[in-house]
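**Q**
4 protein chains.
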Amino acid sequence: MAKPLNIGLIGYGFMGKAHSNAYSQVNHFFDLAYRPVLKAICARSADQAQSFAAKWGYESIETDWKKLVARKDIDAVDICVPNNLHHNIALAAAKAGKMVLCEKPLSMDAKQGQKMVAAVEKAKVPNMVWYNYRRVPAVTLAKQLVDAGKLGRIFHYRAVFLQDWTISADLPQGGTALWRLDAKAAGSGVTGDLLAHCIDTAIWINGGIQSVSAMTETFIKERKHTLTGKVEKVGIDDACAFLARFDNGSLATFESTRYARGHKALYTFEVNGEKASLKWDLHDLHRLQYFEHGDEGRLRGWRSIHVTDHGGGHPYMDHWWVPGLQIGYEHSFIHQVADFLKSLETGKPAGPTFRDALETQKVCDAVLASARKKQWVKV
Amino acid sequence: MAKPLNIGLIGYGFMGKAHSNAYSQVNHFFDLAYRPVLKAICARSADQAQSFAAKWGYESIETDWKKLVARKDIDAVDICVPNNLHHNIALAAAKAGKMVLCEKPLSMDAKQGQKMVAAVEKAKVPNMVWYNYRRVPAVTLAKQLVDAGKLGRIFHYRAVFLQDWTISADLPQGGTALWRLDAKAAGSGVTGDLLAHCIDTAIWINGGIQSVSAMTETFIKERKHTLTGKVEKVGIDDACAFLARFDNGSLATFESTRYARGHKALYTFEVNGEKASLKWDLHDLHRLQYFEHGDEGRLRGWRSIHVTDHGGGHPYMDHWWVPGLQIGYEHSFIHQVADFLKSLETGKPAGPTFRDALETQKVCDAVLASARKKQWVKV
Amino acid sequence: MAKPLNIGLIGYGFMGKAHSNAYSQVNHFFDLAYRPVLKAICARSADQAQSFAAKWGYESIETDWKKLVARKDIDAVDICVPNNLHHNIALAAAKAGKMVLCEKPLSMDAKQGQKMVAAVEKAKVPNMVWYNYRRVPAVTLAKQLVDAGKLGRIFHYRAVFLQDWTISADLPQGGTALWRLDAKAAGSGVTGDLLAHCIDTAIWINGGIQSVSAMTETFIKERKHTLTGKVEKVGIDDACAFLARFDNGSLATFESTRYARGHKALYTFEVNGEKASLKWDLHDLHRLQYFEHGDEGRLRGWRSIHVTDHGGGHPYMDHWWVPGLQIGYEHSFIHQVADFLKSLETGKPAGPTFRDALETQKVCDAVLASARKKQWVKV
Amino acid sequence: MAKPLNIGLIGYGFMGKAHSNAYSQVNHFFDLAYRPVLKAICARSADQAQSFAAKWGYESIETDWKKLVARKDIDAVDICVPNNLHHNIALAAAKAGKMVLCEKPLSMDAKQGQKMVAAVEKAKVPNMVWYNYRRVPAVTLAKQLVDAGKLGRIFHYRAVFLQDWTISADLPQGGTALWRLDAKAAGSGVTGDLLAHCIDTAIWINGGIQSVSAMTETFIKERKHTLTGKVEKVGIDDACAFLARFDNGSLATFESTRYARGHKALYTFEVNGEKASLKWDLHDLHRLQYFEHGDEGRLRGWRSIHVTDHGGGHPYMDHWWVPGLQIGYEHSFIHQVADFLKSLETGKPAGPTFRDALETQKVCDAVLASARKKQWVKV
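Those protein sequences? They're chains A, B, C and D, same order as listed. Reminder that position 186 of the first sequence reads as 1305 in my numbering, one-by-one numbering, no gaps. Reminder that position 197 of the second sequence reads as 1316 in my numbering, one-by-one numbering, no gaps. Reminder that position 136 of the third sequence reads as 1255 in my numbering, one-by-one numbering, no gaps. Reminder that position 118 of the fourth sequence reads as 1237 in my numbering, one-by-one numbering, no gaps.
(1) Would A/TYR1378 count as contacting chain D if we go by Cβ distances under 8 Å?
(2) Shorter than 8 Å from the beta carbon of A/HIS1412 to some beta carbon of chain E?
(3) Near D/THR1259, which residues of its chain fall below 6 Å by C-beta distance, leaving aside the five closest residues on each side in sequence?
(4) Mind reading off the beta-carbon distance from C/THR1472 to C/ASN1246? Whole number of angstroms is fine, and I expect it under 8 Å.
(5) Using C-beta distances below 8 Å, list every residue in its chain close to A/LYS1383, excluding the 5 sequence neighbours before and after it, in chain order.
(6) What residue from A/HIS1316, A/ILE1160, A/HIS1412 has the CA that sits closest to A/ASP1504's CA?
(7) Assuming D/LEU1151 contacts D/LEU1397 (C-beta within less than 8 Å), just tell me the rounded distance between them.
(8) So, is B/ARG1102 buried or exposed, given that buried needs 16 or more other C-beta atoms within 10 angstroms?
(9) If I follow the unbroken alpha helix (DSSP H) through D/PRO1256, where does it start and stop?
(10) Is there a Cβ from chain B that is less than 8 Å from the Cβ of D/HIS1425?
(11) Would you kindly work out how many angstroms separate the C-alpha atoms of A/MET1120 and A/TYR1153, rounded to a whole number?
(12) In chain D, which residues lie less than 9 Å from C/TRP1399 when you measure between Cβ atoms?
(13) Would you mind giving the Cβ-Cβ distance between B/LEU1477 and B/VAL1236, rounded to the nearest angstrom? I have them listed as a contact below 8 Å.
(14) Please identify the residue among B/ALA1211, B/GLY1432, B/ARG1406 whose C-alpha is closest to the C-alpha of B/SER1423.
(15) Would a C-beta distance cut-off of 8 Å place D/PRO1123 and D/VAL1145 closer than the cut-off?
(16) Along chain D, which residues have their Cβ under 7 Å away from the Cβ of B/TYR1386?
(17) Would you report the Cα separation of C/ALA1395 and C/PHE1274, rounded to the nearest angstrom?
(18) Would you say C/THR1372 faces chain B, with C-beta separation under 8 Å as the test?
(19) Mind pulling the chain C residues with CB within less than 7 Å of A/ARG1253?
(20) Let's see if you can read the secondary structure: which residues bound the alpha helix (DSSP H) around B/ARG1491?
(21) Look up B/GLN1408 in the DSSP assignment and give the residues it is bridged to.
(22) So D/ILE1355 contacts chain A; which residues on that side make the cut at Cβ distance below 8 Å?
(23) Output yes if chain C places a C-beta closer than 8 Å to the C-beta of B/MET1334; else output no.
(24) Could you compute how far the alpha carbon of D/TRP1175 sits from the alpha carbon of A/THR1479?
(25) Nearest by alpha-carbon distance to C/LEU1346: which of C/ASP1301, C/GLY1416, C/ILE1355 is it?
(26) Starting from the C-beta of D/GLY1327, find all residues in its chain whose C-beta is less than 8 Å away, skip the five residues before and the five after it, and write them out in chain order.
(27) When the Cβ atoms of the segment 1303-1320 of chain B are set against those of the segment 1207-1218 of chain B, are three or more pairs found closer than 8 Å?
(28) With a cut-off of 8 Å, does the C-beta of C/PHE1133 fall near any C-beta of chain D?
(29) If we ignore side chains and look at the alpha-carbon of each, how far apart do C/TRP1298 and C/PRO1291 end up?
(30) Go to B/THR1122, then tell me how far its alpha helix (DSSP H) extends in each direction, as first and last residue.
(31) Between which two residues does the alpha helix (DSSP H) harbouring D/ASP1458 extend?
(32) With a cut-off of 8 Å, does the C-beta of B/GLN1494 fall near any C-beta of chain C?
(33) Would C/HIS1433 pass as an interface residue toward chain A - the criterion being a Cβ-Cβ separation below 8 Å?
(34) What does DSSP give as the partner residue(s) for A/ILE1198 in the beta ladder?
(35) What does D/ILE1286 reach in chain A if we use C-beta pairs closer than 7 Å?
(36) List the whole-angstrom C-beta distance separating A/GLU1178 from A/ALA1162, where the pair is believed to meet the contact cut-off of C-beta under 8 Å.
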């Protein structure tokens, strides 16, 4: 019988839902030595906490995260609140000896992130950041192929994360629903929210980034603030694009925006190597596109790999349905929880750890600095 | 607080897993007056039942379906066993006053199906057949568009369900894993297994089928039988294609096979109407392709509708994630359970009922008869 | 210096243009021992003939095809007139010792076709029918792959040719522009016009067809006739679908219609073999989709082969541009002329000859008979 | 009868072929007041010139471009030689009063380009640069849509031109076939060869570029030189990416490389506007992808516009085949010649003129300077 791992979740938004779902589902599909127990949900509003607890089966609620962190019956604290709160909670949780799972991006900046890394490492507690896209099977497959040398020397990496949900000037900023538009809560706009995902995947697959040249733009300069009720200057970046050079000598372009009409969550990346190339697209996340130069000439073409096509060979997929039947977005979180629980058995950390995620934070800082200074910046 | 609905599940295979998942998930995403309680799982092997119960949280087990059906604490019996067992269980369950949820196809043939319909209707118990593809959001959207008259007069319907998993002659037939290849357990091959799905969707969207001309083929004539250990004649159809005429005057082609190399579960359908056409593909189930003739000429083109692109407008999708983030196969079952539970509130049946599913059975019978007689057969 | 081959073209419509273009272009891209000379164009209207001659550079005109056929300076007669005129012209041309190139379908029916075959074979004149799609490079590649055994045993063949240009009931029938809707001129509707293409390709790639079960429909029963000015019964088939069995044991479905909203010339075919599958689509004719089961499991996927991706390996493509730059529809005719001219050098006929095309005619006859009788018909 | 326009072509490579084809074809498909006459082809090798003349029907040859430019029977000089020769020929041709058609890029740099503009404008001779992709119908359609305001305010532009033909280190540089790899002949690598196309289209569609931040890379540092036989340093850029800001406030990313395995000529661009977005891909050049936010919510999706789907509405397409039948690469040149010939009738220049093309040259210069200096550069 699997051992219980008592979860204390802080936050009940989009990510609170995605994580709770992962905890509920993981033991149905993975054989593991541990099983998450939904011990407590924490929200400032008792009503919201109660309602969320009822829906997901949390055993108790808290309205003060400090109390949650202090509870003896909590093994792991899961941080699903706006970015500006990550640092303090993580430090307290680590100090209390809790495992810490933190939503991305790790922190408001690398300086904060450094302290968070120090805290969890000093406390020697398991820690992980929810860069969930690593565990989309097609993305994991991409990583495996690059690691196996199937692509040979890498020449190019390119990634975009395009959305269109903030085009309307009538959209306000700030508050529970729209804190991502409020620089005080989010730290940055698309850079921390979307590019952070792209950067995490890129570093994971293609290694470290040396230097960047970036530009950012805020298309809508002022928006009404939900909390103050006043029209205020928008402090976040609506769009950000940057050039980069990797340690391995490859070149990269990255771009993210919330002003790309027609794209809802178009996270795509492509890697071009000497022997093969691959690309992936979140809008059809169950496919990996792959081109192998070594194929017979007249039969060469981009292969559309449906990761369900072959029961035994695609990462995570033998835990799901029969060939041809696709999985969705939320499964990436289930995989991440599965790997985290396994890491407790093996003692081998499940990435990205806080330390791993700090690298992404450093790149984000460099990107924002480059955009500000209008010059190349070393990471 | 939602009222409990005690489920007794018979069978623990692929569908047992899919249904259990749906029961576990539905109240996390839908606000409903009822909530399924996993009361009992029934399997001939106590070990299998125990193991399944532990994984999914069933409260008890049974090894004889008759005992399960007789239990007072069971509200609904869910039949997930091979086709040849549907009839007897359904009759007993109805007689015991239980709601009956039955995997598709309803029965071995229309004659059996007729009795099952009579039984549930006499007992006045809610009943439903698991033609889950109706609840893929893109498919439901297709139904809504046709019903709303967006396509105008319908000229053509075409559907295929292509797989490739039985090409190897070394694959045996029969037994727990491969009962779908054993005519005694399955009744037919692709006709009942795959075409039944296509027919159910087609009737739902395009109305009744009048007559058919079919051909079937068994490419591998003999296979070792798992139960007898002997090489035995294969009794099922490996492939089946048929022409059809609908009540509304439209023409159709249907085809299914397990010998279409490269396709794992390629269920596609297309409807061509006077004003618009649409098509769907299970391999990318979160998309609907749509062409509207009324669009401005130079801008006309097939639209690739990602059903997550618009929070408010796509069936079921406002219960899930944010725009752009796709759902998968299992969600169709969750939607079906949600609708079933809602039907208990409203008293308005959630289709397909046994009576609805009988129509599909009649078409399957006609298809098999046509192939046997090599002539057109009226449904 | 290439030897002149004097062409006498009869007809100046869509096909007259496509053939003239092919004659004009072929020596620019292919090194050949012969070069077509545009000697004469024949049309009933002298004005039309003159205008066409001016545009394409024909040296002379005729208004009576019998005169053209009689001219000593004509080496090859090219028949681009409605189907009901093919027979008489071909017989006369053959008798006059001319090479005969005839638009498809060969004839109004197999009986006529038989006489035409007899005529050209008796006269021992080179002859060819313009089933141009054989020479789309991706289609030729498909043929090569099947012939090379890459697919192994063939299980399935399926083809459709879908259009939507006759949905409007206001479209008249008959006359120069719309003779394809007039049964007297065309013989049949989509069967001879579109399915004939599908059947020609199918026989070429997959061998002979044994038997068929077909249905046809005329959705718009009456249309104004351009020539008589009266509303007359429509005699052609607007849509036709049929099941077929090939000599090699494979099963097939074929369908064609002019009522599939959204499709302009969607000719697609797919072949499923034991080891591999392939499919093609006229709307993106420069691509072949190919799936090879022997690929490493986790990397298996449908390959989208852009036939320009590899200079040396794709049929005909080394005569054109650099990799990545696609060719279009008209190139299939240029390739066919190139092959015809080469056949004059080698003495080895370029298919499809009249005899080859007669096979397609026999299948068309069987299809129409089957639809009429509502029963399976042997070819 | 159309008036003759006597063409003198200098160069017989890939572009010489593409232009000759355009001259040969244009009057077959367009009704024009002028018709090109293939008067003379000039190449240093008399054999090559002779052979090319025989194939394409040039009436005469020259081996010295100065003689060609001096001939009285030449109306227009067409420059299809390496970039380092454009300037001198263009100046001489303009001085001789000839119309000048020049392959892209206009010149080695903006300084040269400026002189060329001055020369043709002083001589008042019609002039044009062969940025042919403007006349791919789907690209022209994109331009029309942006001009018509269908996209509203533009936020983003992104373009790539990816190839993979120089990955092998064994490929030599220089000489007739590989002058594009020789900095002395080409001026730059992908910047002038490929990005110049992207920039021309971008400026045409989206207006002027203000500033850029670029990086370039030469992956293979040394290659054997075809002319000297020695291994020499490679002077060109193998890859180049840059960020840009347009006059209209939109942001852009551009990238080109010859090291993107799997891509042969993947020129794609995308424009994101407030109301709509569009994208195009040279590998399927007959399609434009279009997303319109104003569409009914549940039916919104990217439209795949096949530019042949509607005879009357797509630029240039009514000159070609029937709906559904695609055209290819070379047609863009035919359209450009058609427009050039029309401009002689109307007196309204057909772009891009030398002056238009100079803008692209300035951006290329800024890009290369930015990469060299590693800083943002104003155009």
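Glycine is no exception: its CB is placed at the ideal position from the N, C-alpha and C atoms.
**A** Let's see:
(1) With 8 Å as the cut-off, A/TYR1378 counts as an interface residue toward chain D.
(2) Among the protein chains of the structure shown, namely A, B, C and D, there is no chain E.
(3) PRO1434
(4) Indeed, because the Cβ distance is near 6 Å, the residues count as touching under 8 Å.
(5) GLN1282, ASP1283, TRP1284, HIS1402
(6) No answer is possible for residue 1504 of chain A: the residues shown for chain A start at 1120 and end at 1498.
(7) Not really, about 30 Å apart at Cβ, beyond 8 Å.
(8) Because residue 1102 of chain B is not part of the residues shown, which for chain B are 1120 to 1498, the question remains open.
(9) 1256-1266
(10) True, the Cβ-Cβ gap to chain B drops below 8 Å.
(11) Rounded to whole angstroms, A/MET1120 to A/TYR1153 spans 8 Å at the Cα level.
(12) Chain D residues near C/TRP1399: none, gap ~13 Å exceeds 9 Å.
(13) 5 Å
(14) B/ARG1406
(15) no
(16) Within chain D, no residue comes near B/TYR1386; the closest Cβ sits about 20 Å away, beyond 7 Å.
(17) 11 Å
(18) yes
(19) Residues of chain C passing the Cβ test: none, with the nearest at roughly 17 Å.
(20) 1473-1492
(21) DSSP, once it has assigned bridges, lists B/LYS1398, B/SER1423 as partnering B/GLN1408.
(22) Neighbours of D/ILE1355 on chain A: none; closest Cβ ~15 Å, over 8 Å.
(23) For B/MET1334, the answer is yes, since a Cβ of chain C falls inside 8 Å of its Cβ.
(24) 59 Å
(25) C/ASP1301
(26) PHE1365, ASP1366, GLU1478, VAL1498
(27) no
(28) Cβ-Cβ to chain D under 8 Å: yes for C/PHE1133.
(29) 10 Å
(30) A small fix is needed here, since residue 1122 of chain B is Lys in this sequence, not Thr. Looking at the DSSP string, B/LYS1122 is not in any alpha helix (DSSP H); the run it does join, the beta strand (DSSP E), is 1122-1129.
(31) 1450-1465
(32) yes
(33) yes
(34) A/ILE1129, A/CYS1221
(35) GLU1393
(36) Incorrect: roughly 15 Å between the Cβ atoms, too far for contact.
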